[in-house]
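Participant: First, the structure itself, so that you have it in front of you.
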Amino acid sequence: MKKNILITGQNKLLKEPLTNIFLNKGYHVITTHTEKQETREKGLHIIPWNMRSPLSTKNVLLDAASEPGELDEIIILFPWTQIIKPFHETSSAEIEWAVDIQLKSNLFIIKESISHLQKRKGGTLSLIYYIPGAEILPPLDALGSGGFSGLVKSLFTFYQNEKTSINSYVSSSAEIEEYAEYIFKTIDERQKPIHGKFYKYSEKTVLSALGLSIKR
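Numbers in this note's numbering are just positions in the sequence shown, counted from 1, shifted up by 62.
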């Protein structure tokens, strides 16, 4: 039976190549879309998701877990707003939208993902942040980036004695296909649960582990 993996989140630039790699390597991929209807293709199940709705988010995990086989691998792709303008010219609607995609949707899906893994007493959650080619971020994305860093460190600590494993990946590399391949290999070749590892990818430095690192 194919191994199941849920790939969700609002980073559409990274989601497509990452989904394709896992599909091509024989995984059964469950993914989400905020605009498409439910779709089933060979090896792929697309679940509609209202990212602003806690109920819709809960249903994503229920649908994904109902697939044949175990769901013990979940990837959440953090988005960026692509709003590049002086902050004082940012509209209230843009700020509300940024809060929805960077904070609310991520918190909803992380909560339900951890809840699912805790109930099944094990599995790995990978939190992935990607903004290509950016050293200094626009204000709204800077908020999301700082929040991501603080959130993963907190989750690493609060779940270090649990059976759920949580890891993080960060890159600003323009080589998106290589980054997707790197994520796939790191997950696919993992021999045992690893928790609290912060993977940082670049063209020059393939891997650096920062902060808390706990092997079980």
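Cβ atoms here follow ideal geometry from the backbone N, Cα and C, with glycine treated the same way.
#1: Leaving out five residues on either side along the sequence, give the residues of the same chain with a beta carbon under 6 Å from the beta carbon of Glu239.
#2: Does the Cβ of Gln253 have 16 or more other Cβ atoms within 10 Å, making it buried, or fewer, making it exposed?
#3: Grouping DSSP H, G and I as helix and E and B as strand, with all else coil, what is Leu189?
#4: If you measure between the beta carbons of Gly185 and Thr226, is that distance less than 8 Å?
#5: Check Ser175 in the structure and name its three-state DSSP category.
#6: Any idea what DSSP makes of Glu100, helix, strand or coil?
#7: Does the stretch 85-98 come into contact with the stretch 213-220, if we say contact requires no fewer than three beta-carbon pairs (one atom in each stretch) closer than 8 Å?
#8: What does the Cβ neighbour count give for Tyr261, buried or exposed, with the cut at 16 atoms within 10 Å?
#9: What residue ranges within the stretch 69-136 form continuous alpha helix (DSSP H) runs of no fewer than 4 residues, ordered along the chain?
#10: I'd like the span of the beta strand (DSSP E) that includes Thr226, first residue to last.
#11: Near Ser167, what residues of its chain come up, given a Cβ to Cβ distance below 6 Å and the 5 sequence neighbours on each side ignored?
#12: Please classify Leu213: does DSSP put it in a helix, a strand, or coil?
#13: Please determine, among Gly208, Thr81, Glu224, Ile176, the residue with the shortest C-alpha to C-alpha distance to Lys120.
#14: Rounded to the nearest angstrom, what separates His150 and Gln72 at their Cα positions?
#15: What is the DSSP secondary structure of Asn168, counted as helix, strand or coil?
#16: Ends of the beta strand (DSSP E) at Tyr263?
#17: I think Ile83 touches Ala242, with their Cβ atoms under 8 Å apart; what is that distance to the nearest whole Å?
#18: Going by alpha carbons, who is nearest to Gly209 out of Gly105, Leu189, Lys64?
#19: Could you tell me whether the Cβ atoms of Lys104 and Gly88 are closer together than 8 Å?
#20: Which value, in whole angstroms, describes the spacing of the CA atoms of Lys77 and Ser233?
#21: Indicate whether Gly212 and Trp142 have their beta-carbon atoms separated by less than 8 Å.
#22: Looking at Arg102 and Asp134, is the spacing between their C-beta atoms short of 8 Å?
Facilitator: Considering the structure as presented:
#1: Once the five neighbours on either side are set aside, the close Cβ partners of Glu239 are Pro79.
#2: That one is exposed.
#3: It is a strand residue.
#4: In terms of Cβ geometry, Gly185 and Thr226 form a close pair [threshold 8 Å].
#5: In the three-state scheme derived from DSSP, where H, G and I count as helix and E and B as strand, Ser175 is classed as helix.
#6: Shown here, Glu100 sits in coil according to DSSP, grouped into three states, outside any helix or strand.
#7: They do not touch, by the three-pair rule.
#8: Taking all protein chains in view, the Cβ of Tyr261 is crowded by 16 or more other Cβ atoms within 10 Å, so the residue is classified as buried.
#9: Unbroken alpha helix (DSSP H) runs of no fewer than 4 residues, entirely contained in the stretch 69-136, are found at 74-86, 116-127, following chain order.
#10: Membership of Thr226 in the beta strand (DSSP E) is indicated by the continuous run 226-233.
#11: Hits under 6 Å: Met113.
#12: The answer is helix: DSSP assigns Leu213 an H, G or I state.
#13: Distance from the Cα of Lys120 is smallest, within the candidate group Gly208, Thr81, Glu224, Ile176, for Ile176.
#14: When rounded, the distance between both Cα atoms is 25 Å.
#15: Asn168 carries a helical assignment under DSSP once its states are collapsed to helix, strand and coil.
#16: Per DSSP, Tyr263 belongs to the beta strand (DSSP E) from 260-263.
#17: Right, the Cβ-Cβ distance comes to about 6 Å (below 8 Å), so this counts as a contact.
#18: The residue with the shortest Cα to Cα distance from Gly209 is Leu189.
#19: Result no, Cβ atoms of Lys104 and Gly88 do not sit closer than 8 Å.
#20: For the pair Lys77 and Ser233, the Cα-to-Cα distance works out to about 14 Å.
#21: Result no, Cβ atoms of Gly212 and Trp142 do not sit closer than 8 Å.
#22: Their beta carbons are not under 8 Å apart, which means Asp134 does not touch Arg102 by this criterion.
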